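Counting with my numbering, you get residues 136 to 590 for the letters of the sequence shown.
Glycine included, every Cβ here is placed at the ideal spot set by N, Cα and C.
Quick caveat: nothing in here was measured; it's all calculated off a predicted structure.
As structure tokens, the structure follows; a few thoughts come after it.
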Amino acid sequence: MRFAIVPAVLIAVSAAAQQSAPSAPQAGAEIKTAPTGPQFTQPGTATAAVALDLPAALALARNYNQQFMQAYLAAGLAREDRLQARAALFPTVTALSQYVYTQGNGTPSGVFVANDGVHIYNDQAIVHADLFSLAKRADYQRTIAAEAAARARQEIAARGLTAAVVQTYYNLITAQRHDVNARRSLSEAAAFLDLTQKQERGGEVARADVIKAKLQFQQRQRDVLDAQTNVLKAKMSLGVILFPDVSQQFSIRDDLRPDAPLPQLDEVHRLATTNNPDIRGAEANIKQSEASIASAKAAYYPTVAVDYFYGIDANVLDIRGPADRKNLGSVVQGTLTVPIWNWGATRSKIRQAGLQRRQAEYDLTFAQRGLQSNLNLLYLESQTARAQLESLRTSLDLSIESLRLTVLRYQAGEATALEVTDAQNTLNLARNAYDDGLARYRVALANLQVLTGGF
């Protein structure tokens with residue numbers, strides 16, 4: 136019969152179990168791990184650490200992400216196309232300054248009879264305007280729709296980047312919390328090993344208990360090294376997204392909390408349907424295809440253009456020429472262009488634009504169906520993750536109490552070392568499961584925000 140003695144080390148074990156009730160640092164606390172295991176650094180590249188929260192991380196990611204920058208530049212190019220198409224609708228003013236020298240042959244016009252002199256000077260201001268051009272107006276409408284589609288694709292890229300950053304951000308937080316849990320479990324295993332060694336020296340337990348406690352302690356040491364490695368891997372994965380230099384040191388703010396509100400489904404549906412870039416992009420593609428149809432049909436209609444020339448077209452570069460003739464003057468030229476035959480190219484372009492419109496309509500239908508499906512799935516995921524938090528919290532509390540009672544029973548000789556280590560393993564799993572549940576709920580909520588444009 137073992138003596139029911141409560142040494143100070145047992146009290147420390149029970150106290151450690153009770154103090155471990157929070158599964159990780161409180162929400163809002165800044166996590167800074169200082170691993171004693173593997174570390175990844177590059178010599179000569181040490182930089183000051185940067186403290187980040189999720190909004191700051193998202194802002195940094197947009198500065199260095201290639202896909203987002205490509206979408207941003209594409210939107211800028213579409214904007215310039217629209218400005219150029221709009222400018223083509225207005226009259227243009229150009230200046231012409233020309234000198235033509237013709238080889239002389241003894242006549243006023245020289246060798247080339249089409250020229251009216253050996254020396255010809257042209258200095259003119261030219262105003263050109265298309266009075267009737269359906270093609271240019273349709274092209275302008277097409278560029279407006281193309282810019283809207285490019286802006287939608289830019290937002291799609293931004294939301295996709297947001298989802299990636301959110302997932303990687305909370306992967307790092309989860310890894311850091313697992314590291315904290317592994318250190319707690321290591322402390323509990325060390326306290327139990329010390330307990331078994333003291334009781335072995337007092338003749339209260341067998342050598343097998345010490346061996347079991349030592350195996351548990353060594354396993355916890357390996358768990359700590361694995362947790363530290365996972366932290367470094369998660370940190371590098373996030374750092375690659377946020378910084379141009381992978382050696383940049385940074386810390387992140389832990390905002391995992393179980394009371395984050397879940398919006399009502401009706402509100403989520405309203406926001407998602409009115410502020411979804413996939414839908415906007417598909418609608419803009421339909422408008423763009425309709426403008427392409429109008430532009431193709433415009434080739435059937437004539438165009439009218441007017442040109443106004445003012446300046447000098449004379450053999451002498453002067454306002455007045457020989458015999459005091461006036462050289463400075465103006466001319467107006469009107470041009471009517473009527474399409475007659477182009478071997479069916481116009482009809483082919485119209486059919487091609489019609490096929491593009493059908494494709495855009497299919498894309499819009501697919502985007503609407505995908506939105507409804509993703510919305511329902513993400514909301515269901517958020518509800519499930521939130522509903523499990525209370526159960527995970529209860530399991531964690533029960534695991535803490537189970538370890539405390541098992542240690543007390545072991546002190547009294549009513550439990551085995553195997554039961555203690557099993558209780559420790561259960562508590563470690565419960566801690567990690569609770570943290571994983573918090574991260575799962577936060578990521579699901581963030582994905583809903585991405586879908587509704589909450590970020």
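Beta-carbon gap between residue i and residue j smaller than 8 angstroms
| i | j | result |
| --- | --- | --- |
| I279 | R217 | yes |
| T227 | H263 | yes |
| S526 | A579 | no |
| A550 | T541 | yes |
| N257 | T237 | no |
| Y304 | A192 | yes |
| T481 | A440 | no |
| L330 | K370 | no |
| I414 | L506 | yes |
| L510 | A565 | no |
| A210 | Q289 | yes |
| G479 | A287 | no |
| Q383 | V555 | no |
| A298 | I376 | no |
| T438 | F267 | yes |
| L583 | L512 | no |
| L187 | R388 | yes |
| A558 | L538 | yes |
| A317 | R342 | no |
| Q259 | L231 | yes |
| T587 | N410 | yes |
| A395 | R577 | yes |
Closest by C-alpha distance to residue i, when choosing among the options
| i | options | result |
| --- | --- | --- |
| F352 | L573, A341, K368, F327 | F327 |
| L196 | L373, S430, Y576, V451 | Note that residue 196 corresponds to Ala in the displayed sequence, not to Leu. If we check each option's Cα against that of A196, L373 comes out closest. |
| E425 | A449, I475, R486, V473 | R486 |
| E282 | A419, D570, A495, Q559 | A419 |
| G234 | L533, D448, T409 | A quick correction: the sequence has Tyr, not Gly, at residue 234. Nearest option by C-alpha distance: D448. |
| A220 | Q559, S430, G416 | S430 |
| I261 | A395, V340, G464 | G464 |
| A284 | T519, L512, I535, D498 | D498 |
| L553 | V340, Q202, V473 | V340 |
| T529 | G245, Y569, R577 | Y569 |
| V301 | F247, A223, P190 | P190 |
| L533 | A547, T519, Y545, N563 | N563 |
| G548 | D344, A183, K368 | D344 |
| P412 | A502, K461, K333 | A502 |
| A194 | D453, F378, L212 | F378 |
| V473 | N462, L269, R460 | L269 |
| D593 | A223, R493, T500, G337 | This structure gives no information on residue 593, because the portion of the chain shown stretches from 136 to 590. |
The beta strand (DSSP E) enclosing residue i, as first and last residue numbers
| i | result |
| --- | --- |
| V340 | Here V340 belongs to no beta strand (DSSP E), and DSSP marks it neither H nor E. |
Continuous alpha helix (DSSP H) stretch holding residue i: start and end
| i | result |
| --- | --- |
| A267 | Residue 267 is actually Phe in this sequence, not Ala. Element bounds for F267: not the alpha helix (DSSP H) but the beta strand (DSSP E), 254–267. |
| P412 | 412–432 |
| N560 | 552–587 |
| V403 | 400–409 |
| G239 | Premise fails: G239 is in no alpha helix (DSSP H) and is neither H nor E. |
Checklist line | Stretch pair the region 358–372 + the region 312–322: three plus CB contacts closer than 8 angstroms | finding: The region 358–372 vs the region 312–322: in contact.
Notebook entry, point to check: What are the complete beta strand (DSSP E) segments, minimum 3 residues, inside the region 178–229?
Noted result: List check, beta strand (DSSP E) in window: 185–187.
Checklist line | Stretch-stretch touch, CB-based, cutoff 8 angstroms, three pairs: the region 444–463 with the region 300–313 | finding: At 8 angstroms Cβ cutoff, the stretches do not touch.
Check: What are the start and end residues of each continuous alpha helix (DSSP H) run of 4 or more residues lying completely inside the region 348–390, in chain order?
Finding: Correct list: empty.
Notebook entry, point to check: Touch check for the region 454–472 and the region 396–405: three-plus C-beta pairs under 8 angstroms?
Noted result: Cβ pair count under 8 angstroms is below three, so no.
Notebook entry, point to check: Is the region 488–504 touching the region 291–301, taking contact as three or more C-beta pairs under 8 angstroms?
Noted result: They do not touch, by the three-pair rule.
Margin query: Extract the residue ranges of the beta strand (DSSP E) inside the region 446–470, only unbroken runs of 3 or more that lie entirely within it.
Written below: Fully enclosed beta strand (DSSP E) runs of no fewer than 3 residues are not present anywhere in the region 446–470.
Note to self: Using 8 angstroms as the cut-off, can you tell me whether the region 568–584 makes contact with the region 519–536, which would need three or more C-beta pairs spanning the two stretches below that distance?
What the structure shows: Touching, yes, given that three or more Cβ pairs across the two stretches are closer than 8 angstroms.
Next item on the list: List in chain order: all unbroken alpha helix (DSSP H) runs of 4+ residues lying wholly within the region 474–509.
Entry: Qualifying alpha helix (DSSP H) stretches: none in this window.
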